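To keep things clear, I will list the structure first and then write my remarks on it.
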Amino acid sequence: MTSVSQIESATISSMLRDAAAGLAAEGIESARLEAELLLAQALGIERGRLYLNDTALGESALARFRALVARRLRGEPVSYISGRREFWSLDFIVTSAVLTPRPETELLVEIVLKAIGANASPRILDLGTGSGAIAVALAKEIRSAEIFATDISEEALEVARANARRHGVERNIRFLGGDLLAPVAEVKFGAIVSNPPYIRRDDFVSLPRDVRDFEPRIALDGGADGLDFYRRIAREARGVLNAGGLIAVEIGAGMGADVARLFADAGFVSVRVENDLAGQERVVSAQAAI
664 MTSVSQIESA TISSMLRDAA AGLAAEGIES ARLEAELLLA QALGIERGRL YLNDTALGES
724 ALARFRALVA RRLRGEPVSY ISGRREFWSL DFIVTSAVLT PRPETELLVE IVLKAIGANA
784 SPRILDLGTG SGAIAVALAK EIRSAEIFAT DISEEALEVA RANARRHGVE RNIRFLGGDL
844 LAPVAEVKFG AIVSNPPYIR RDDFVSLPRD VRDFEPRIAL DGGADGLDFY RRIAREARGV
904 LNAGGLIAVE IGAGMGADVA RLFADAGFVS VRVENDLAGQ ERVVSAQAAI
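Counting from 1, position 177 in the sequence shown corresponds to residue 840 in my numbering; the numbering is continuous, with no gaps.
Spelled out as structure tokens, the structure:
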């Protein structure tokens, strides 16, 4: 494996080549992309500018890059190193207080948009908002929406508020601290969306190191069978969801039938399991009975 201390070349192309080789040797699948992101951060430029000129770089830039690559080789996610992650073509602030937004979660946004439409004026609840990615994406797409976003972590809410300000939708979203639906028990919604914790407790040991050792466990741990939060949401959501209102929750692998059954047993109708672009079960959606 190419160690960080052996990355001696000082041109963009050679630095990228050597760093990508070192990352790939550690089993990092997107090694080239991550090397580009880290070098762009070290240089303080956009990633696309890396290929404008194969510039010779000085020792200070090389030292910064080495330090960033070393952090990645220790398992720290690129999103935490850079403090940024793209979601819904928007740039989000990310810290270790929140889960890294993932592309597959965009399906939740798509389902809400398809059900409600961009020209409606709904009241939407984002349960466990984390970085605020879902709430902010919906606020950008549905300009007249009134969005509530809850999280039990005040640190996470600080990140979410910063992201709402970053994208100019802070007036469209009310961020509330508390456990799931507790902060909104007296409010009614046309749609509820959530990416709750769903990792089975015994599965933590087999998670990738960058998830297991760095992402907040409170946002991952779904209990012994991974279904603890779905049980609570299915039981409590009907009290705040309008008749005919939509609920959509992200799910873990192999959970589609179990989560769908929880919502059906709780009296929801039109229960569906939705697949992501990779063909994996990703979202369970349902409606409150009319």
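Heads up, the beta-carbon is just placed ideally off N, CA and C, and yes, glycines get one too.
Small disclaimer: the values here were computed from a predicted structure and weren't measured.
Check, Outcome
"Arg-747 beta carbon less than 7 Å from that of Thr-763", "no"
"Short Cβ contact (7 Å threshold) for Glu-739 with Phe-877", "yes"
"Three-way DSSP call (helix, strand, coil) for Phe-838 in this model", "strand"
"Rounded Cβ spacing between Asp-884 and Arg-901 (contact assumed at less than 8 Å)", "In fact, because the Cβ distance is near 25 Å, the residues do not count as touching under 8 Å."
"For Ser-745 and Ala-684, the rounded distance between their alpha carbons", "20 Å"
"Residue-chain proximity (Ile-910, chain B), Cβ-Cβ < 7 Å", "Considering every chain present, this structure includes no chain B. It has just one protein chain."
"With 16 other Cβ atoms within 10 Å as the buried cut-off, status of Ile-910", "buried"
"Start-to-end residues for the beta strand (DSSP E) that takes in Gly-853", "852-857"
"Which of helix, strand or coil DSSP assigns to Gln-943", "coil"
"Proximity winner among Leu-940, Met-918, Ile-855, relative to Ile-896 (alpha-carbon distances)", "Ile-855"
"Top-ranked residue by Cα proximity to Gly-942, from Ala-927, Glu-697, Ala-916", "Ala-916"
"Through-space distance from Ser-816 to Val-757, alpha-carbon basis", "14 Å"
"Rounded distance between the beta-carbons of Val-903 and Val-847, thought under 8 Å", "6 Å"
"Heavy atom of the ligand NAD within 6 Å of Val-847 beta-carbon", "Because no ligand of any kind appears in the structure shown, any question about the ligand NAD cannot be addressed here."
"Supposed contact pair Pro-859 and Val-912 - C-beta distance, whole angstroms, cut 8 Å", "6 Å"
"Proximal residues to Glu-937 (C-beta, below 7 Å), its chain only, five neighbours per side dropped", "Leu-770, Ile-774, Arg-945, Val-946, Ser-948"
"Reference Ala-673; option with closest CA among Phe-755, Asn-716, Gly-853, Ile-691", "Asn-716"
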